[in-house]
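Colleague: Count the sequence shown with this note's numbering and you get residues 150 to 400, in order.
Backbone N, C-alpha and C fix where the C-beta goes; we use that ideal spot for every residue, glycine too.
There's a structure below that I have some questions on.
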Amino acid sequence: MHNSLYFCQTENTDVFDCAEAIPGPSTERFGALAKELEVVLVLSLFEKRTAGLYHNTAVVIEKDGSIAGKYRKMHIPDDPAYYEKFYFTPGDFGFEPIQTSVGKLGVLVCWDQWYPEAARLMALAGADLLIYPTAIGWESSDTAEEKERQKNAWMIAQRGHAVYNGLPVIAVNRIGHESDPSGQTKGIQFWGNSFVAGPQGEIIKQASNNQEENIVVKISLKRSEEVRRWWPFLRDRRIDAYGDLTKRFID
């Protein structure tokens with residue numbers, strides 16, 4: 150998805166031609182870049198698994214250019230201008246952090262960010278931090294008040310993941326306007342505001358809503374241990390009483 154516009158505003162079978170295998174051209178290209186810069190990269194791609202089977206997949210590239218692991222988006226939305234079920238099959242890797250030279254990365258994707266279960270399972274599996282590559286924005290017909298409510302809910306939800314799991318959260322959202330090729334809507338205005346939150350939900354750094362930015366943020370993983378000692382939420386969980394969470398609805 151890093152290679153294109155957000156194409157899910159419409160349902161178009163020609164778009165499947167943009168999908169690629171993993172490993173493939175993009176992982177090779179970004180792998181060379183990661184090796185050159187000696188950084189770990191989180192790369193979001195439209196994965197072609199086989200004929201007729203596609204995923205929204207995040208790939209983690211290690212400093213040496215190799216693939217450290219990948220995560221296939223688990224929660225797939227289907228809303229006006231976000232017709233993702235047409236393109237993506239839900240992931241089948243579960244919620245497993247990816248081990249890298251900079252820590253265990255709990256990589257989730259966009260719509261996953263609204264599900265506390267996903268964040269919690271990543272934390273329970275030992276994630277050092279959570280990362281959410283995201284494409285979220287406004288439809289122009291929404292009122293200013295509604296737009297503010299939506300953006301605030303997005304930030305509150307992810308800051309909540311940081312608090313109740315006691316770890317940093319990195320939320321990266323695109324900016325700018327992308328038109329609807331069908332003309333049925335006025336397109337999406339992505340609201341940006343990428344941010345990093347600490348383990349108490351504190352905003353460490355936040356980007357703007359209208360321009361591309363490269364921001365370097367220093368994160369202390371030791372702070373997560375300190376916060377979890379003060380707020381031992383994982384210790385006090387009543388795992389004996391949560392069985393109903395596996396049900397769709399409790400009558």
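Which of the three DSSP states is assigned to Asn-322 in this structure?
Modeller: For the purposes of this step, residue 322 is identified with residue 173 of the sequence shown, where counting begins at 1. Three-state result, Asn-322: strand.
Colleague: So who's on the other strand from Val-209, going by DSSP bridges?
Modeller: In the sequence shown, residue 209 corresponds to position 60, counting from 1. Note: Val-209 is bridge-paired with Val-191, Gly-218 in the DSSP secondary-structure output.
Colleague: Rounded to the nearest angstrom, what separates Ala-268 and Ala-311 at their Cα positions?
Modeller: Taking the first residue of the sequence shown as position 1, residue 268 is located at position 119. Taking the first residue of the sequence shown as position 1, residue 311 is located at position 162. Their Cα atoms are separated by approximately 9 Å.
Colleague: Report all residues from its chain with a CB closer than 7 Å to the CB of Pro-348; omit the five preceding and five following residues, and keep chain order.
Modeller: Locating residue 348 in the sequence shown gives position 199, counting from the first residue. Counting only Cβ-Cβ distances below 7 Å, and skipping sequence neighbours, we find Ala-311, Gly-315, Leu-316, Pro-317, Arg-372, Ser-373, Val-376.
Colleague: In its own chain, which residues sit with a C-beta less than 7 Å from the C-beta of Gly-286, not counting the 5 before and 5 after it?
Modeller: Translated into the one-based positions of the sequence shown, residue 286 becomes position 137. For Gly-286, where only same-chain residues beyond five positions count, the Cβ hits under 7 Å are Ile-337, Gln-338, Phe-339, Trp-340.
Colleague: Under the DSSP definition of a beta bridge, which residues are partnered with Lys-197?
Modeller: Walking along the sequence shown from the start, residue 197 turns up at place 48. The partner list for Lys-197 (beta bridge, DSSP) reads Tyr-203.
Colleague: For the beta strand (DSSP E) containing Val-258, name the first residue and the last one.
Modeller: Residue numbering aside, residue 258 sits at position 109 when the sequence shown is read from its first letter. Where Val-258 is concerned, there is no enclosing beta strand (DSSP E), given that its DSSP letter is neither H nor E.
Colleague: Among Arg-387, Trp-263, Glu-245, Cys-167, which residue has its Cα nearest to the Cα of Ile-225?
Modeller: Position 76 of the sequence shown, counting from 1, holds the residue named residue 225. Per the Cα distances, Trp-263.
Colleague: Report the residue ranges of all alpha helix (DSSP H) runs contained in full by the segment 233–297; include only those spanning at least 4 residues, in chain order.
Modeller: For the segment 233–297, whole alpha helix (DSSP H) runs of length 4 or above, ordered along the chain, are 265–273.
Colleague: Along the chain, where does the beta strand (DSSP E) containing Trp-340 start, and where does it finish?
Modeller: Taking the sequence shown and counting its residues from 1, one reaches residue 340 at position 191. Element bounds for Trp-340: 337–340.
Colleague: Express the C-alpha separation of Asp-385 and Gly-173 in angstroms, rounding to a whole number.
Modeller: Position 24 of the sequence shown holds residue 173. Position 236 of the sequence shown holds residue 385. Those two C-alpha atoms are separated by around 44 Å.
Colleague: For Lys-253, collect the residues of the same chain with a Cβ closer than 6 Å to its Cβ; drop the 5 residues on either side in sequence, then sort them by chain order.
Modeller: Numbered from its first residue, the sequence shown carries residue 253 at position 104. The answer, listed in chain order, is Pro-246, Gly-275, Ala-276, Asp-277.
Colleague: Determine the extent of the beta strand (DSSP E) in which Ala-170 is found, giving its start and end residues.
Modeller: By 1-based counting over the sequence shown, the position of residue 170 is 21. Looking at the DSSP string, Ala-170 is not in any beta strand (DSSP E), and its letter there is neither H nor E.
Colleague: Nearest CA to the CA of Val-191: which residue from Pro-265, Glu-351, Leu-182?
Modeller: Residue 191 sits at position 42 when you count from the first residue of the sequence shown. Nearest of Pro-265, Glu-351, Leu-182 to Val-191, Cα basis: Leu-182.
Colleague: Note down the Cα distance separating Leu-186 from Phe-398, rounded to an integer number of angstroms.
Modeller: Here residue 186 refers to the residue found at position 37 when the sequence shown is read from its first residue. Here residue 398 refers to the residue found at position 249 when the sequence shown is read from its first residue. Answer to the nearest angstrom: the Cα atoms are 48 Å apart.
Colleague: Am I right that Phe-244 and Tyr-313 are in contact with their C-beta atoms under 8 Å? What's the rounded C-beta distance?
Modeller: Walking along the sequence shown from the start, residue 244 turns up at place 95. Walking along the sequence shown from the start, residue 313 turns up at place 164. Going by Cβ atoms, the distance from Phe-244 to Tyr-313 rounds to 15 Å, so no, they are not a contact pair.
Colleague: Threshold first: 4 residues or longer. Then list the alpha helix (DSSP H) segments lying entirely within the segment 343–395, N to C.
Modeller: 371–379
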